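Trainee: I have a structure I would like to understand better, so I am pasting it below and will then ask my questions one at a time.
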Amino acid sequence: MHGYELNQQIKARSISAWAAVGLSSIYQTLEKLVAEESLSAHDEPNPGQGSSYRTIYTLTDAGRERLYQMARTALASIEHQRFDYDVGVGVALTHLSTVEVLPALERRREAMRQQLERASAACQWAENMLGAWAVLDHQRRALTMELEWLDGLIERLRHLN
Numbered sequence: 001m002h003g004y005e006l007n008q009q010i011k012a013r014s015i016s017a018w019a020a021v022g023l024s025s026i027y028q029t030l031e032k033l034v035a036e037e038s039l040s041a042h043d044e045p046n047p048g049q050g051s052s053y054r055t056i057y058t059l060t061d062a063g064r065e066r067l068y069q070m071a072r073t074a075l076a077s078i079e080h081q082r083f084d085y086d087v088g089v090g091v092a093l094t095h096l097s098t099v100e101v102l103p104a105l106e107r108r109r110e111a112m113r114q115q116l117e118r119a120s121a122a123c124q125w126a127e128n129m130l131g132a133w134a135v136l137d138h139q140r141r142a143l144t145m146e147l148e149w150l151d152g153l154i155e156r157l158r159h160l161n
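Counting in full-length UniProt numbering, the sequence shown runs from 1 upward without gaps.
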């Protein structure tokens, strides 16, 4: 698979709903994985592009084993997921005025609502692909909980004023 094709697969499979992936970071990561011998690379003619070539990447046996080991490590994790955002909210609620905090929370709430709509649609799209569905459903549920939390926090701030 070449880098542009990988980018198209990321879009088609709604991976961008749960991972921030840009085209430049794809190529950087591919080169890093080649250097680590997790991928092999070879150039082939780029159809319809004259004399230009494109690099085709293939998962090596070592790369496959590394991927599987990363999956096993993730599955074995018992750590509660922590969010950097929580630290900022704690500081903001302690040191900033409600006049400043409330609109920021309301903007975040709207952004999370929009993300939830996209995640819900992606979840329906991935219904028959267990791996993709599981990741997207986890994101959807996390967004649902965050919206509930934001609603409660916003309501509490309004009552404090």
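Glycine is no exception: its CB is placed at the ideal position from the N, C-alpha and C atoms.
Model, not experiment: these values are computed from the prediction.
#1: Does the Cβ-Cβ distance between leucine 39 and threonine 60 come in under 8 Å?
#2: Out of curiosity, what's the CA-to-CA distance linking arginine 158 and arginine 107?
#3: Among Ala119, Thr58, Ala126, Arg109, which has the Cα closest to the Cα of isoleucine 154?
#4: For proline 45 versus tyrosine 53, is the C-beta spacing smaller than 8 Å?
#5: For residue 204, is the classification buried or exposed, using 16 other Cβ atoms within 10 angstroms of its Cβ as the cut-off for buried?
#6: Assign alanine 47 to one of three DSSP states: helix, strand, or coil.
#7: Since histidine 42 and isoleucine 26 are thought to touch, with beta carbons under 8 Å apart, how far apart are those beta carbons, to the nearest angstrom?
#8: Rounded to whole angstroms, what's the CA-CA distance from threonine 94 to tryptophan 149? Just pull it up for me.
#9: Would alanine 126 and alanine 119 be called neighbours here (beta carbons separated by less than 8 Å)?
#10: Where in the UniProt domain "Transcription regulator PadR N-terminal" (1-67) do unbroken runs of the beta strand (DSSP E), each at least 3 residues long, occur, reported from the N-terminal end onward?
#11: With serine 120 as the anchor, note down where its alpha helix (DSSP H) starts and where it stops.
#12: Along the chain, where does the alpha helix (DSSP H) containing arginine 140 start, and where does it finish?
#13: Identify, in the order they occur along the chain, each residue of the same chain with its Cβ nearer than 6 Å to the Cβ of arginine 66, setting aside the five sequence neighbours on each side.
#14: Ordered along the chain, which non-local residues of its own chain (more than five positions away) have a Cβ less than 8 Å from that of valine 101?
Mentor: With the given structure in hand:
#1: Position 39 of the sequence shown, counted from the first residue, corresponds to residue 39. Position 60 of the sequence shown, counted from the first residue, corresponds to residue 60. The answer is yes: Cβ separation under 8 Å.
#2: For the purposes of this step, residue 158 is identified with residue 158 of the sequence shown, where counting begins at 1. For the purposes of this step, residue 107 is identified with residue 107 of the sequence shown, where counting begins at 1. Roughly 15 Å separates the two Cα atoms.
#3: Counting from one through the sequence shown, the residue named residue 154 turns up at place 154. Of the listed residues, the one whose Cα sits closest to isoleucine 154 is Arg109.
#4: Against the sequence shown, residue 45 aligns to sequence position 45. Against the sequence shown, residue 53 aligns to sequence position 53. Going by C-beta atoms, proline 45 is nearer than 8 Å to tyrosine 53.
#5: Residue coverage of the chain in this structure runs from 1 to 161, which leaves residue 204 outside it and unanswerable.
#6: Along the sequence shown, one-based indexing puts residue 47 at 47. Note that residue 47 is proline in the sequence shown, not alanine. Coil at proline 47, not helix or strand.
#7: Start at 1 with the first residue of the sequence shown, and residue 42 comes out as number 42. Start at 1 with the first residue of the sequence shown, and residue 26 comes out as number 26. So it is not a contact: roughly 18 Å between Cβ atoms.
#8: As a first step, residue 94 must be located in the sequence shown, where it is residue number 94. As a first step, residue 149 must be located in the sequence shown, where it is residue number 149. Each residue's Cα considered, the two are about 18 Å apart.
#9: If you number the sequence shown from 1, residue 126 lands on position 126. If you number the sequence shown from 1, residue 119 lands on position 119. Against a cut-off of 8 Å, the Cβ pair of alanine 119 and alanine 126 comes out as no contact.
#10: 39-45, 53-59
#11: As a working note, residue 120 is residue 120 in the sequence shown. Segment 98-125, the alpha helix (DSSP H) holding serine 120.
#12: On the sequence shown, residue 140 is found 140 positions in, with the first residue counted as 1. Arginine 140 -> alpha helix (DSSP H) spans 130-160.
#13: Position 66 of the sequence shown holds residue 66. So the qualifying residues of the chain are Ser38.
#14: Residue numbering aside, residue 101 sits at position 101 when the sequence shown is read from its first letter. The answer, listed in chain order, is Ala92, Leu93, Leu157.
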